[in-house]
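*Asks:* Quick note, the sequences are listed as chains F and X, same order.
Residue 324 in the numbering used here is what sits at position 229 of the first sequence, and the numbering runs on without skipping anything.
Residue 250 in the numbering used here is what sits at position 155 of the second sequence, and the numbering runs on without skipping anything.
Glycine included, C-beta positions come from ideal geometry on N, C-alpha and C.
Below is one structure. I have some questions about it.
Protein chains: 2
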Amino acid sequence: MNVSIFLIGTELVRGIIQDKHTMFLTSKLTSMGYAVRRCVIIPDDGSVKEEIERAVPDSDVILLTGGLGPTSDDITREVVASLAGVPLEKNTQVWNRLYDKIGDRIYGANEVQTLFPKGFTVIDNPLGTAAGFSGFLKRDRAEADGGGVLIFCMPGPPREMQPMFINTVEPALADYIGRNNTGTDEYSVFLLAEARLEDLCRQVKLVNGLDGVSWGTRFQDCKISLYVNGENAGERRLFAEKLRAIAGKGLIADGCTEAVQILVNTLREKNYLVSTAESATSGLLAKLLTDIPGSSAWYWGGVNSYSADAKIKMLSVNEKEIKEHGMVTLECAKEMAEGVLRISGADLGVSITGIAGPSGEEEGKPLGTVCIGCASVKKNGEGASSDGADCEAVMVKMSHHTRESGRRRFAVIALILANFYLLGVPLIDIVSTWNYI
Amino acid sequence: MNVSIFLIGTELVRGIIQDKHTMFLTSKLTSMGYAVRRCVIIPDDGSVKEEIERAVPDSDVILLTGGLGPTSDDITREVVASLAGVPLEKNTQVWNRLYDKIGDRIYGANEVQTLFPKGFTVIDNPLGTAAGFSGFLKRDRAEADGGGVLIFCMPGPPREMQPMFINTVEPALADYIGRNNTGTDEYSVFLLAEARLEDLCRQVKLVNGLDGVSWGTRFQDCKISLYVNGENAGERRLFAEKLRAIAGKGLIADGCTEAVQILVNTLREKNYLVSTAESATSGLLAKLLTDIPGSSAWYWGGVNSYSADAKIKMLSVNEKEIKEHGMVTLECAKEMAEGVLRISGADLGVSITGIAGPSGEEEGKPLGTVCIGCASVKKNGEGASSDGADCEAVMVKMSHHTRESGRRRFAVIALILANFYLLGVPLIDIVSTWNYI
Numbered sequence: 096m097n098v099s100i101f102l103i104g105t106e107l108v109r110g111i112i113q114d115k116h117t118m119f120l121t122s123k124l125t126s127m128g129y130a131v132r133r134c135v136i137i138p139d140d141g142s143v144k145e146e147i148e149r150a151v152p153d154s155d156v157i158l159l160t161g162g163l164g165p166t167s168d169d170i171t172r173e174v175v176a177s178l179a180g181v182p183l184e185k186n187t188q189v190w191n192r193l194y195d196k197i198g199d200r201i202y203g204a205n206e207v208q209t210l211f212p213k214g215f216t217v218i219d220n221p222l223g224t225a226a227g228f229s230g231f232l233k234r235d236r237a238e239a240d241g242g243g244v245l246i247f248c249m250p251g252p253p254r255e256m257q258p259m260f261i262n263t264v265e266p267a268l269a270d271y272i273g274r275n276n277t278g279t280d281e282y283s284v285f286l287l288a289e290a291r292l293e294d295l296c297r298q299v300k301l302v303n304g305l306d307g308v309s310w311g312t313r314f315q316d317c318k319i320s321l322y323v324n325g326e327n328a329g330e331r332r333l334f335a336e337k338l339r340a341i342a343g344k345g346l347i348a349d350g351c352t353e354a355v356q357i358l359v360n361t362l363r364e365k366n367y368l369v370s371t372a373e374s375a376t377s378g379l380l381a382k383l384l385t386d387i388p389g390s391s392a393w394y395w396g397g398v399n400s401y402s403a404d405a406k407i408k409m410l411s412v413n414e415k416e417i418k419e420h421g422m423v424t425l426e427c428a429k430e431m432a433e434g435v436l437r438i439s440g441a442d443l444g445v446s447i448t449g450i451a452g453p454s455g456e457e458e459g460k461p462l463g464t465v466c467i468g469c470a471s472v473k474k475n476g477e478g479a480s481s482d483g484a485d486c487e488a489v490m491v492k493m494s495h496h497t498r499e500s501g502r503r504r505f506a507v508i509a510l511i512l513a514n515f516y517l518l519g520v521p522l523i524d525i526v527s528t529w530n531y532i
Numbered sequence: 096m097n098v099s100i101f102l103i104g105t106e107l108v109r110g111i112i113q114d115k116h117t118m119f120l121t122s123k124l125t126s127m128g129y130a131v132r133r134c135v136i137i138p139d140d141g142s143v144k145e146e147i148e149r150a151v152p153d154s155d156v157i158l159l160t161g162g163l164g165p166t167s168d169d170i171t172r173e174v175v176a177s178l179a180g181v182p183l184e185k186n187t188q189v190w191n192r193l194y195d196k197i198g199d200r201i202y203g204a205n206e207v208q209t210l211f212p213k214g215f216t217v218i219d220n221p222l223g224t225a226a227g228f229s230g231f232l233k234r235d236r237a238e239a240d241g242g243g244v245l246i247f248c249m250p251g252p253p254r255e256m257q258p259m260f261i262n263t264v265e266p267a268l269a270d271y272i273g274r275n276n277t278g279t280d281e282y283s284v285f286l287l288a289e290a291r292l293e294d295l296c297r298q299v300k301l302v303n304g305l306d307g308v309s310w311g312t313r314f315q316d317c318k319i320s321l322y323v324n325g326e327n328a329g330e331r332r333l334f335a336e337k338l339r340a341i342a343g344k345g346l347i348a349d350g351c352t353e354a355v356q357i358l359v360n361t362l363r364e365k366n367y368l369v370s371t372a373e374s375a376t377s378g379l380l381a382k383l384l385t386d387i388p389g390s391s392a393w394y395w396g397g398v399n400s401y402s403a404d405a406k407i408k409m410l411s412v413n414e415k416e417i418k419e420h421g422m423v424t425l426e427c428a429k430e431m432a433e434g435v436l437r438i439s440g441a442d443l444g445v446s447i448t449g450i451a452g453p454s455g456e457e458e459g460k461p462l463g464t465v466c467i468g469c470a471s472v473k474k475n476g477e478g479a480s481s482d483g484a485d486c487e488a489v490m491v492k493m494s495h496h497t498r499e500s501g502r503r504r505f506a507v508i509a510l511i512l513a514n515f516y517l518l519g520v521p522l523i524d525i526v527s528t529w530n531y532i
């Protein structure tokens, strides 16, 4: 089964953006048993029709991304209709869904996004305004009654294309090539680097002789989605179990979830409000906790105590302590968590103070060092402070990262640890198992 | 001048290695004034000849990487010789250099790497065993005496290809195209939806008869990059000027920048520290202000006063006022900005309180309504409060958005307005020009 891939986007051939589709698509196609004949990157200049026509004779499947936007250079839908020899027609369901999303703006340039080649199947795109579609291009009259080249058209942005591929196109392609008897389990992996996760997966497969298991990953902002494939559900589960054991506690969650969602679930169960005190991440933890609609049910508010002055004035962190030992200490993390708990009167206070870089390392505290504090009046453990609140803090040292990925991972560490704190698990028992972050 | 690029490598179309050539080559070609018609990634399966043949009629230049190795599937040199209608012949200089490098091993498979199409120019490769070469492919008999398609063949590994391109191919291509006579200006567009920007661009082109101007856009998290193309620099400038006039004040910035960078530049010029008080965006503004390294030079810290209780306890916002008029009011935005200014002692306080959705609309305040407040003791305008701080607040109503894009746009609005506030421009004079956000 031969596949031709067409990536349409002027930015791609002007050196403005990096192509993220080729490797993603070709690795998945290869693992399903397809042979990629060519991957062609072309501008939005109208040449797409001629380019696809050339590929029709020697392709069984064509994948196409981009050119589904609302602008005049987005001609994919017309070109595919023309190649299929059918007119474009309005899809009422898509029109209604788009109207719900963008309102009266639909009467402008976006309306073209509700048109699809007649007889084609529409593929929903919950993350954008461009739905995808699939159908057959006839190679000659002999194929008029069925068959031809199966074509899938998907939006260009990776954050829309990748979920569409995984949820709809990949299962359809597996079916088309006759590999429909394999199963896939999804996991959400936190804090591990993608290359490290790949190494661990290989190790688990090799050591446990799990030859029937394969995997794919998808990197996102705050997690990696891990898809474990294989015919035998028991083998897939064993693979995940072994992987979880060596990766570290709390780093691999079942299904498609986020670290913030896991904490929010616990907060909702207990009917708790959380407050935050952030230094290195300065607002990122608060933003994550309020990305989800309805967040006033679990988020009280908090402070971004970025400067030393902010820590002292807003959280009453001990000035002498900061001067003597710096701001990335267990003591500072504790005082921040206790401080915000005191101000807020919330049920849980969470603090983050760390060194995201690119500069600012201290002796014994390389870039990537972070201290997390958790405080609550609802617990009365050993660490209870004078005003009756329990408080715990731990230090974590992460390996290589950028300022951006470092800050994101600091926030994820805080989310994971805050959840364990609420569940009564000592934080040190968790972070001591994190050898690979 | 049209360019076709061919990247040969089975690993590239099996998802094993990431293509690093496309972006590198296309950005350099674009800046020289070449138009990339296509970039084709193909396996080492012998299909290269057919693929190149297709590109000869519509290309002025062909760049090819890979397939120059010593193994039997490395057929680039034979294919190019065949397309040029010349035999392969041994290059003695290359043979001698390679012998110096690998000794008697040259009598094995590597010997083929000393053969080149007759009449072609050899390009030295100090970093590997595969030298490159360049020459002309004739399109027809009329070109027999000169001209044709200029082709460059380079090795596949980026560490060998990139220096070869920079040292030899790029200067030759710059020479070949002569003077670059088309230009591109880049702008950064804030708050407008992509489809809306497209509509406005079309309108400006049509109304002003700017037929020589075209444009491209690239959507990013907090802005759209707009590229204005055309041979005439005056026409390009006029297009941008007219677009700026109808889009609204402060929404189109020169060059590649971000709203946060514009505010940070002003803060650094004045040597000011900013503090933030956020409700709807809860930490996003603080995060943006600290994404850039060195942010302790301009960011003091701030509060995420998400709940009413947080606004009252942390910022002393008037409880009665909230109960009577809600939290999305000019008064509340003012009190938040003044409150955080008072706590921090910073030079500027910025507040955001709005309705991001998906629910929570109030009468006269649809989803997308936001109030922004700015306060400073360094100004003494009419709005000066009892404790000597100047304070200004405005309300903005945005059209359709999601929770995520709404929160992002609220933060961008605050960044743009805070900058105008520091420049002494009344905020109402700015937002009254925003008809399209």
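Should Y202(X) be labelled buried (16 or more other beta-carbon atoms within 10 Å of its own) or exposed?
*Replies:* exposed
*Asks:* Starting from the Cα of Y401(X), find the closest Cα among W393(F), K406(F), Y401(F), A405(F) and give me that residue.
*Replies:* W393(F)
*Asks:* Just to confirm, are L379(F) and K382(X) a CB contact at a threshold of 8 Å?
*Replies:* yes
*Asks:* Measuring only the C-alpha atoms, how far is G278(X) from G110(F)?
*Replies:* Inter-residue distance for G278(X) and G110(F) is about 16 Å (C-alpha atoms, whole angstroms).
*Asks:* Should G162(F) be flagged as near chain X, meaning a C-beta pair shorter than 8 Å?
*Replies:* no
*Asks:* By the three-class DSSP mapping on this structure, what secondary structure does I438(X) have?
*Replies:* If DSSP states are grouped into helix, strand and coil, I438(X) belongs with the helices.
*Asks:* Identify the contact partners of Q356(F) in chain X, using a Cβ-Cβ distance below 8 Å as the criterion.
*Replies:* Simply none; closest approach about 15 Å.
*Asks:* Could you please give me the residues that DSSP links to D280(F) through a beta bridge?
*Replies:* V323(F)
*Asks:* What is the rounded straight-line gap between the Cα of L268(F) and the Cα of I147(X)?
*Replies:* 29 Å
*Asks:* Check the Cβ-Cβ distances between N275(X) and every residue of chain F, and say whether any is below 8 Å.
*Replies:* Note that N275(X) scores a pLDDT of 46, beneath 50, so its modelled location is shaky and nothing firm can be said.
*Asks:* For T117(F), which residues in chain X fall below 9 Å Cβ to Cβ?
*Replies:* L107, V108, G110, Q113, D114, T117, I136
*Asks:* Per DSSP, what kind of secondary structure is C427(F) in: helix, strand or coil?
*Replies:* Helix at C427(F).
*Asks:* Count the other CB atoms within 10 Å of the CB of E433(F); is the residue buried (16 or more) or exposed (fewer)?
*Replies:* buried
*Asks:* R313(X) touches chain F at which residues, Cβ-Cβ below 8 Å?
*Replies:* E106, I111, I112
*Asks:* Please return the same chain residues whose Cβ sits closer than 8 Å to the Cβ of L183(X), not counting the five positions on each side in sequence.
*Replies:* R172, E173, A176, L210, F211, P212, K213
*Asks:* Comparing alpha-carbon positions, which option in C351(F), T216(F), W395(F) lies nearest K533(F)?
*Replies:* Outside the modelled stretch of chain F, which goes from 96 to 532, sits residue 533(F), for which no answer is possible.
*Asks:* Tell me, please, which residues DSSP counts as bridged to L183(X).
*Replies:* P212(X)
*Asks:* Return yes when the C-beta of P250(F) is under 7 Å from any heavy atom of the ligand FAD, and no when it is not.
*Replies:* This structure does not include the ligand FAD; it has no bound ligands of any sort.
*Asks:* Rounded to the nearest angstrom, what separates K406(F) and T528(X) at their Cα positions?
*Replies:* 40 Å
*Asks:* List the residues of chain X that Y531(F) touches, going by C-beta distances under 9 Å, in chain order.
*Replies:* Chain X residues near Y531(F): none, gap ~22 Å exceeds 9 Å.
*Asks:* Specify the secondary structure class of M259(F) as computed by DSSP and reduced to three states.
*Replies:* helix
*Asks:* Taking buried to mean at least 16 other C-beta atoms within 10 Å of its own C-beta, is I261(X) buried or exposed?
*Replies:* Classification for I261(X): exposed.
*Asks:* So is H495(F) buried or exposed if we call it buried at 16+ other beta carbons inside 10 Å?
*Replies:* exposed
*Asks:* In whole angstroms, what is the alpha-carbon distance linking K196(X) and T121(X)?
*Replies:* 32 Å
*Asks:* Could you check which residue in T187(F), T448(F), G164(F) has the C-alpha nearest to that of C248(F)?
*Replies:* Of the listed residues, the one whose Cα sits closest to C248(F) is G164(F).
*Asks:* I think W395(F) touches L368(F), with their Cβ atoms under 8 Å apart; what is that distance to the nearest whole Å?
*Replies:* 4 Å
*Asks:* Are the CB atoms of L292(F) and R254(F) within a distance shorter than 8 Å?
*Replies:* No, the pair does not count as a contact, with Cβ atoms beyond the cut-off.
*Asks:* Just the chain F side, please: which residues come within less than 9 Å of R234(X) by C-beta, in chain order?
*Replies:* By Cβ distance, chain F contributes nothing, its closest Cβ being about 18 Å from R234(X), past 9 Å.
*Asks:* With a cut-off of 8 Å, do at least 3 Cβ pairs link the region 444-459 of chain X to the region 502-519 of chain X?
*Replies:* yes
*Asks:* Use the C-beta contact count for E265(F): other C-beta atoms within 10 angstroms, 16 or more gives buried, fewer gives exposed.
*Replies:* buried
*Asks:* Name the two residues that bound the continuous alpha helix (DSSP H) containing F334(X).
*Replies:* 328-342
*Asks:* Once the 5 residues before and after S99(F) are set aside, which same chain residues still bring their CB inside 6 Å of it?
*Replies:* R132, R133, A150, S154, I157
*Asks:* Suppose you measure from the CA of V135(F) to the CA of G161(F); what does that come to, to the nearest Å?
*Replies:* Computed Cα separation, rounded: 12 Å.
*Asks:* Can you name, in chain order, every residue of its own chain whose Cβ lies under 7 Å from the Cβ of F76(X), other than the five neighbours on each side?
*Replies:* Here chain X covers residues 96 to 532 and nothing more, so residue 76(X) does not appear.
*Asks:* Whole angstroms are fine: how far does the CA of L518(X) sit from the CA of T361(X)?
*Replies:* 8 Å
*Asks:* When the Cα of Y271(X) is compared with those of Y129(X), V302(X), G483(X), which residue comes out closest?
*Replies:* Y129(X)
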